[in-house]
Amino acid sequence: HRSFLYSISTPLKINGEIFGDEEFRNKEAVYKKPKLNTDINTITLLFESNKDIANLAMAHSYLNIHAPEQKKLLIMPYLPYSRMDREINDQIFSLRYFADILNNMSFEKILLADPHSKVSSDLINNLEELNIEDIILDEILPKIDIDFIMFPDKGAKEKYTKKYLKLCKKHKVIYGQKKRDLSNRGKIKEYSIIAEDIDLKDKSALIIDDLCSFGSTFKHASSALKSEGVDKIYLFVTHTENTIFQGELLDSSDIEKVFTTNSILRSQSHPKLLVIDIF
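So, in structure tokens, the structure goes:
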């Protein structure tokens, strides 16, 4: 029982103490007793794979048995399955079922950052969002000089003009419009800028969105902005997956800098990438 294999995944924590970062040789996790508080106990989950959901279930069960009278707080910056907020072809509405798992755990509060859609708050009890707008205003805008904000599609524009009132009041807003080729795995075949008579030539833009995987949408957006005469382009994405290093976005000369949070991206780096700690 002393032969452990170290797990390279980011560990779940209870009250700041690692819970389940080692494994037996058969891949079963090793859980060591954490110290518990007398008022509220906090689970921090930095999602990387479904294994983390199993660790969450174990941590929750431990608190229910050993601290049944104490309140439970879950800090989970990135919400797993937030993109699966409806049935898509033969794929199930995964967010609904994960929300049911969370609701059955009866957390006093669940803290997360910038969920993909309003469906998350409709489904999950006691959800509270971290203030990402102030992070943009306080941590990013002082580092760059921009003339306007861009959202990569109409859906993002509608979402953020309601959420980021201070930001959108301070800067002019434009957005992108994309057409996908459904016969080719939904790849973008056309991309245009909706600027509503805003002069873009020789200006600077900050693109804002919630999630980046390979970065194809943002590459199309930056290319379209450049074709409109935009001088400098920056990008802020709340959640950036490690797959960004497999795409072409970071090597594109169109993008000056990519800002993101450490909700997912924590172990890799790039000269063009600035990761902001939010927890």
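For the sequence shown, our numbering begins at 1027 and goes up steadily by one.
Where a beta carbon is used, it is the ideal one built from N, C-alpha and C, also for glycine.
- Judged by beta-carbon spacing, Ile1233 lies beyond the 8 Å limit of Pro1168, meaning their Cβ atoms are not closer than that value.
- Comparing alpha carbon positions, the residue from Asp1228, Ile1069, Glu1155 closest to Asp1171 is Asp1228.
- Our two residues, Thr1269 and Asn1076, have alpha carbons roughly 17 Å apart in a direct line.
- The way I'd put it, the region 1133–1152 does touch the region 1099–1108; three or more beta-carbon pairs between them come closer than 8 Å.
- If you look at Asp1236, you'll find it in the beta strand (DSSP E) that goes 1230–1238.
- Listed in chain order, the non-local C-beta contacts of Asp1280 below 8 Å within the same chain comprise Lys1245, Ser1248, Ser1249, Leu1251, Lys1252, Ile1259, local neighbours out to five positions each way being set aside.
- Secondary structure at Gly1202: strand, using DSSP grouped into helix, strand and coil.
- Per DSSP, Phe1305 has no beta bridge partner at all.
- Restricted to the region 1121–1193, the beta strand (DSSP E) segments that are unbroken, complete and at least 3 residues in length are 1135–1138, 1153–1155, 1174–1177, listed in chain order.
- Here DSSP, grouped into helix, strand and coil, assigns Asn1268 to helix.
- Residue range 1066–1070 is occupied by the beta strand (DSSP E) that includes Asn1067.
- The three-state secondary structure of Ile1044, taken from DSSP, is strand.
- Bounds of the alpha helix (DSSP H) holding Ile1079 are 1077–1092.
- Proximity of the region 1123–1130 to the region 1143–1150 meets the contact definition, three or more beta-carbon pairs being nearer than 8 Å.
- Assignment of Ser1249 by DSSP, reduced to helix, strand and coil, places it in the helix class.
- If the five residues before and after Ile1304 are omitted, its C-beta is found closer than 7 Å to the C-beta atoms of Pro1103, Ala1139, Leu1156, Ile1161, Thr1287, Asn1288, Ser1289, all from its own chain and listed in chain order.
- With 16 or more neighbouring CB atoms inside 10 Å of its own CB, Ser1108 falls in the buried class.
- DSSP places Val1284 in the uninterrupted beta strand (DSSP E) bounded by 1283–1287.
- Taking the Cβ atoms as the reference, Ser1230 lies roughly 5 Å from Asp1173, within the contact range of under 8 Å.
- Contact between Asn1067 and Ile1040 holds: their C-beta atoms lie close to 6 Å from each other, under 8 Å.
- Within the model, the alpha-carbon separation for His1296 versus Thr1264 is close to 17 Å.
- Annotation: Lys1195 to Ser1143 spans about 22 Å, alpha carbon to alpha carbon.
- Taken through DSSP and simplified to helix, strand or coil, Phe1119 comes out as coil.
- If you ignore the 5 residues before and after Gln1117, its C-beta comes within less than 8 Å of the C-beta of Met1110, all in its own chain and listed in chain order.
- Short of 7 Å from the beta carbon of Pro1060, and not among the five residues preceding or following it, lie these beta carbons of its own chain, in chain order: Ile1040, Asn1041, Glu1043, Phe1045.
- A distance below 7 Å between beta-carbons, with the five flanking residues on each side excluded, links Tyr1190 to the following residues of its chain, in chain order: Glu1159.
- In the DSSP assignment, Tyr1217 falls within the beta strand (DSSP E) that extends over 1213–1220.
- Exclusion of the five residues before and after Lys1205 leaves Ile1214, Lys1215, Glu1216, Tyr1217 as the residues of its chain whose Cβ lies within less than 8 Å of its Cβ.
- By the CB criterion at 8 Å, Leu1038 and Leu1071 fall inside the cutoff.
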